[in-house]
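Everything below concerns the one structure shown next.
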Amino acid sequence: MADKPQTRSQYRNKQSGGSKKKSQKRGKRVVANIFKTIFFVGLFLAFFGIAAGATVFYDYAKDAPKLTDSKLRDPLSSKLLDKDGKVFAEVGTERREYIEYKDIPETLKNAILTTEDARFYEHDGIDPIRLGGAVIANLTDGFGAEGASTLSQQIIKMSYLDYTNKTLARKAQEAWLALQLEKKYSKNDILEIYVNKVYMSDRVHGMQTASEHYFGKNLKDLTLAQTALLAGMPQSPNNYNPYEHPEAAKKRRDQVLTNMYTHDKITKEEMTEAQKTSITTGLRSKKDREDKIYKYDSYVTQVLSEIPKEYDVYRDGLTIHTALDRDAQEYTEKMLNTNEIVNFTDDEMQAGIVLQDTKTGRVQAIGGGRKQKVTRGYNYATQVKRSVGSTMKPIADYGPAFEYLDWSTAHILEDEPYTYSGGTPINNWDFAYKGPISVRQALYQSRNIPALKTLQAVGLDKSEEFVNKLGITYDEGQNVESNAIGANSSNPMQMAGAYAAFGNKGIYNKPHTVTKIVLSDGQTEIDTEPQSTVAMKESTAYMVSDVLKDVLSIGTGTSAAVPGVPAAGKTGTTNIPPEFTSKYYYPSGAARDSWFAGYTTNYSIAVWTGYDDKKKYVSASEQKIAQRMFSKLMAHASAGKTTADFKMPSNVVSVPILKGSNPIARAAAGTASDKVSYELFLSGTAPTKTASTPEDEKKKAEEAAKKKKAEEDKKKTDEEKKKEEEAKKKAEEEAKKKAEEEAKNLTAPAGLRASYNAGSKQINVSWSAVDGATYEVTVNGSTTTVSSTSVSVSGGNPGDTVSINVVAVKDGNRSPASSTTVKIPDS
1 MADKPQTRSQ
11 YRNKQSGGSK
21 KKSQKRGKRV
31 VANIFKTIFF
41 VGLFLAFFGI
51 AAGATVFYDY
61 AKDAPKLTDS
71 KLRDPLSSKL
81 LDKDGKVFAE
91 VGTERREYIE
101 YKDIPETLKN
111 AILTTEDARF
121 YEHDGIDPIR
131 LGGAVIANLT
141 DGFGAEGAST
151 LSQQIIKMSY
161 LDYTNKTLAR
171 KAQEAWLALQ
181 LEKKYSKNDI
191 LEIYVNKVYM
201 SDRVHGMQTA
211 SEHYFGKNLK
221 DLTLAQTALL
231 AGMPQSPNNY
241 NPYEHPEAAK
251 KRRDQVLTNM
261 YTHDKITKEE
271 MTEAQKTSIT
281 TGLRSKKDRE
291 DKIYKYDSYV
301 TQVLSEIPKE
311 YDVYRDGLTI
321 HTALDRDAQE
331 YTEKMLNTNE
341 IVNFTDDEMQ
351 AGIVLQDTKT
361 GRVQAIGGGR
371 KQKVTRGYNY
381 ATQVKRSVGS
391 TMKPIADYGP
401 AFEYLDWSTA
411 HILEDEPYTY
421 SGGTPINNWD
431 FAYKGPISVR
441 QALYQSRNIP
451 ALKTLQAVGL
461 DKSEEFVNKL
471 GITYDEGQNV
481 ESNAIGANSS
491 NPMQMAGAYA
501 AFGNKGIYNK
511 PHTVTKIVLS
521 DGQTEIDTEP
531 QSTVAMKEST
541 AYMVSDVLKD
551 VLSIGTGTSA
561 AVPGVPAAGK
571 TGTTNIPPEF
581 TSKYYYPSGA
591 ARDSWFAGYT
601 TNYSIAVWTG
611 YDDKKKYVSA
621 SEQKIAQRMF
631 SKLMAHASAG
641 KTTADFKMPS
651 NVVSVPILKG
661 SNPIARAAAG
671 TASDKVSYEL
681 FLSGTAPTKT
691 ASTPEDEKKK
701 AEEAAKKKKA
711 EEDKKKTDEE
721 KKKEEEAKKK
731 AEEEAKKKAE
741 EEAKNLTAPA
751 GLRASYNAGS
761 KQINVSWSAV
771 DGATYEVTVN
781 GSTTTVSSTS
791 VSVSGGNPGD
801 TVSINVVAVK
811 DGNRSPASST
821 TVKIPDS
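Going by the UniProt record's numbering, the letters in the sequence shown line up with residues 1 to 827, in that order.
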C-alpha cells in the first residue's frame, strides 16, 4: 500500500535523515581513501627511500679502496737469526710476529669470537642481529660486553679507513668492503688476519707478538687468564695495557672470561679460577722487556746496514741469517757494561770492540759502546772515526816492505833524529833513539822513526795500494807520510778485518755479519757473503804475524797476551792535539785514543777506547784496558777450541842472527841464546857470513890489550913510572881538596819558583841546579828527596798559603834553604 502524502516539513525531515546516512557512508569511504592514499604514498616513499638509500650506498661504496692481500696482512717484520739458526731479534715498521691459523690455540679463538663476533661463522661480513644483540648486551651487562662490529668490519677499519671519520660514507664503505672481504677470504683466513693485525699497545701488533712481549711465551703456552687478557685488549689497547692500567685490564679480561662461559666455551669453575688470577701473574718485568729491546743492539745495527738496498727489512718479512755468537756477544756486552771482567776508570770512557772469524770474515760479536740505553745508538765499533796510531804500522809500513821490497825481519833501520820530508821533526814515544835496530825490534817496540823510514822506502802509492787491499781507505788528499804512525782514521770493524788477513795467510775477507737472506716466500735465498781476495803474499802475512807475536811477549802489548794461545797483535795510541795541551794539564804518557788489534788463526779482534769529551785523556795505565779487553775476549772465544800456530810458508826460512851485527851476520854455533835472534828471510836472501863468537872476540881483544900494554911498558923507565904515580897522587889529592872546599861553600839553590796547577791540583816547584847535589824539598813540613831540579807535589787546601823550602845536599853537607810560598786559589 502506498504511503500517504507527507507535509513539506515531514518531507524535509525524511530527506535529511537519508542524507545523514549517505554522509556517514561517504565519510567511511573518505577515511578509507585517505588511509589507502597514505599507504600507497608511504609504500612509494619507502620504495623511493630504499632506492635512494641504495643509490647513496652505491655512490659511497664505489669509491671504496680495493681489497689487496698486502694491505690486509700488513708489512711483516724481518727475523734475525744467529749462527745456530735461532731468532735473536725482529725489526720492522711494526713489531709483528706472524702466526698461521692452524697454530692459533682454540682457547684464543673462543675468547675472541665470544667477545668480538659470536655469530662469526653465520654472517657474511655484516650482522644486524649482532648489532642488536650488542646494544642489549651493553645495556644489560655494561659497556664493552660485546662489540657491534664483526671481525671483518674491524679488519677493514684497521686496514683501510680512518678511525676518527664517523661519516655515513665511511660506514657505507666499511660495510661494502666487509662483504667483499667475506667473498674473497675464508673464515679461517679472516680470523688469521685479525689475530695478526690487531694493535696490542706498546707498539706491538698481533697477538703472537703480544704474547712474547707481555708474557715472554708463545700463544700456545699461555694460561686461560692470560689468553683472555690478550683477546680483550684490541677494543682499547692502551687502556687495557696491564702495565699501565691493571685495574681496567683485569675488568676487561674478566668480561672476556664471562663471555666464554656464557657461550659454553669454558666451565663456571674455569671462569671463576681464571678471574681470581692477578692481572700481573706471568707478566715480564720492565727490565726484562727493556733488555730485549736493547739486546744485541750494536750487532743489529750493523746487520741492518748490510741489507741490500733493493730489500726493505722493515716490511719485506726477510729471514736474515747472521754469524752472531750469542755467548760471545753477551760476554762482550757484560765486559763493556760492568767492571766484572775489565775494570774501567769511569762510566764516561767509551769503547768499541769487534770479534771476527779470521778465516771467513764473519763477525761474531760487536760491542758498540758502554752504558747505552738507546736503540740503534752510536756504534763505536763500526761508526767511530778515530786515528789508529801505531796499529797502522804493520798495515802501512812493514807489511808493504815485506811485500814489495822483500825485506827480512832482520833488515836494519837507523833510529836517529829525523824529520818528515817537509822538514817537520818526528819523535819516538819515549823521545829517545836506539841507533841501528832490526825491523823486528822497531815494530815490537813501536818506534816511530823507523816506521816513517820504512814508509818512505816503500813509497806512498805502494803503501796505499797495500792498505786498500785490506779494506781501509784514506780520505781524499790524506795519503800522507804521517799515516806511517797512524794519523789516518778507522774503526774496530775495519781494523779487525785488516788484521785478520795477516792471520789468514794473506787472504782478505770483508768483515760482515749477514751470511744469507731468505725472502718471505721461504724459498728464495740471497747469498750476501763477500768474495775473498788475495791481499798479500803468504810470506808477507807470516812475517808480520811472527813479529807481532813478539809484541805480546816482549813488546808494548804484554797485557794482551792470552795464556796458552798463540796470538799476534799491535798496540796503538794517539797524541793529544797541541790546542788542548796548551790549555790543559795532561800527565806524561796521556793519549787521546788507545787501540789494540790482534788475532789468532781462529779469531781477529780490534778494540778502541777513548772519550767523547775531547778534553779528557786516556792515561798511561788506562791504555792497558784495550789490551785486557782483547785478552779476555780472545781467551773466552778460544776456550775449548784448538788454536793452531801460524804456519811458516815453504819459501820462508828462519835464520839465527847475531844481535847487533851490522851488516847482518849469522850467529856462530855456541853463541849465547840472549845474543841470538831468529829472523825470517825469503828463500835465497839470507846472509851467508857467520859472525865470530863473542868468546872469540873477547879473547882477541884481551890479547891485543895485553900486547899493547907490554909494548908501552917497555918504553917506560922506572923514573917515568914514578913520576906518573906522583902526578896521579897529586891530582887525586887536589881533586879531593877541591871537593871538600866546594862542599863547605854550598849555596842555597837559586831561582826557586813555585806555581799551582788547578787542572792537576798540584804544586809545580823548580830551581837552578847545584853541581853534584841532591835536594830536599819540604812542603808544609813534608820532605821529599829528589835528584832533579823540579818536582810536582800535592798539598794544601783551597785558600791555603803553602810554604816551600829547598836545600842542596852534597857529600854529606847541606846548603842554606831557599824558601818561597804559593797560595792555592779558593775553589
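Ideal Cβ positions, reconstructed from N, Cα and C, are used throughout, including at glycine.
field: Three-state secondary structure assigned by DSSP to Glu776
entry: strand
field: Start and end residues, alpha helix (DSSP H) containing His321
entry: Premise fails: His321 lies in the beta strand (DSSP E), 319–322, not in any alpha helix (DSSP H).
- prompt: Taking Cβ to Cβ, would you say Ala496 is nearer than 7 Å to Gln356?
  reply: yes
query: Taking the Cβ atom as the reference point for each residue, do Gln302 and Ile366 lie within a distance shorter than 7 Å?
result: yes
field: Glu416 burial status per 10 Å Cβ neighbour count (16 or more: buried)
entry: exposed
- request: Would you decide whether residue 828 is buried or exposed? Buried here means 16 or more other CB atoms lie within 10 Å of its CB.
  value: This structure does not reach residue 828, given that the chain is present from 1 up to 827, and the question cannot be answered.
message: Under 8 Å: do the region 219–232 and the region 246–262 share three or more Cβ pairs, one atom per stretch?
response: yes
Secondary structure, beta strand (DSSP E): runs of 3+ residues fully inside the region 549–588: 568–574
message: Does chain C have any CB closer than 7 Å to the CB of Ile664?
response: Included in the structure is just one protein chain, with no chain C present.
task: Helix, strand or coil for Glu244, going by three-state DSSP, please let me know.
output: coil
message: For the region 390–408 against the region 449–469, do three or more pairs of beta-carbon atoms, one drawn from each stretch, fall closer than 8 Å, so that the two count as touching?
response: yes
- request: Rounded to whole angstroms, what's the CA-CA distance from Lys738 to Gly772? Just pull it up for me.
  value: 13 Å
Three-way DSSP call (helix, strand, coil) for Ala606 in this model: strand
message: Using 8 Å as the cut-off, can you tell me whether the region 324–336 makes contact with the region 344–360, which would need three or more C-beta pairs spanning the two stretches below that distance?
response: yes
task: Using 10 angstroms around the beta-carbon of Leu405, count the other beta-carbons present and answer buried if the total reaches 16, otherwise exposed.
output: exposed
field: Burial state of Asp325 (16 or more Cβ within 10 Å)
entry: buried
field: Whole-Å CB distance - Val547 paired with Tyr444, under 8 Å assumed
entry: 6 Å
task: Could you have a look at Gln153 and say whether DSSP puts it in helix, strand or coil?
output: helix
task: Taking the CB atoms as reference points, tell me whether Trp608 and Pro492 lie closer together than 7 Å.
output: yes
- request: Give a yes or no on contact between the region 653–666 and the region 679–688, applying the rule of three or more CB pairs nearer than 8 Å.
  value: yes
message: Report the start-end ranges of each beta strand (DSSP E) in the region 334–359 that is 3 residues or longer and not cut off at the edges.
response: 350–357
message: Among Arg666, Gln275, Asp264, whose alpha-carbon lies nearest the alpha-carbon of Glu247?
response: Gln275
- prompt: Could you check where the alpha helix (DSSP H) with Asn188 kicks off and where it finishes?
  reply: 187–197
field: Any 3 or more C-beta pairs closer than 8 Å across the region 374–388 and the region 423–443
entry: no
message: Quick check on the burial criterion: 16 or more other C-beta atoms within 10 angstroms. Buried or exposed for Gly572?
response: buried
task: Leaving out five residues on either side along the sequence, give the residues of the same chain with a beta carbon under 6 Å from the beta carbon of Lys659.
output: Lys675, Ser677
message: By alpha-carbon positions, which one of Thr319, Thr262, Asn448 ends up nearest to Gly85?
response: Thr319
field: Whole-angstrom distance between Val809 and Ala817, CA atom to CA atom
entry: 10 Å
- request: Pull up the distance between the alpha-carbon of Ala639 and that of Phe596, whole angstroms please.
  value: 21 Å
- prompt: What is the residue span of the alpha helix (DSSP H) that Ala457 lies within?
  reply: 448–458
message: Assuming the contact rule is C-beta atoms closer than 8 Å, Ser545 and Phe502 should be a hit. Round their C-beta distance to whole Å, please.
response: 5 Å
message: Within a Cβ cutoff of 6 Å, which residues of the same chain sit near Ile307, ignoring the five residues on either side of it in sequence?
response: Val313
message: In whole angstroms, give me the CA-to-CA distance for Ser790 and Lys632.
response: 40 Å
Minimum C-alpha distance to Lys614 - residue among Ile576, Glu622, Ser305, Asn602: Ile576
message: Threshold first: 4 residues or longer. Then list the alpha helix (DSSP H) segments lying entirely within the region 468–547, N to C.
response: 492–503
At least three beta-carbon pairs within less than 8 Å, the region 664–671 to the region 520–530: no
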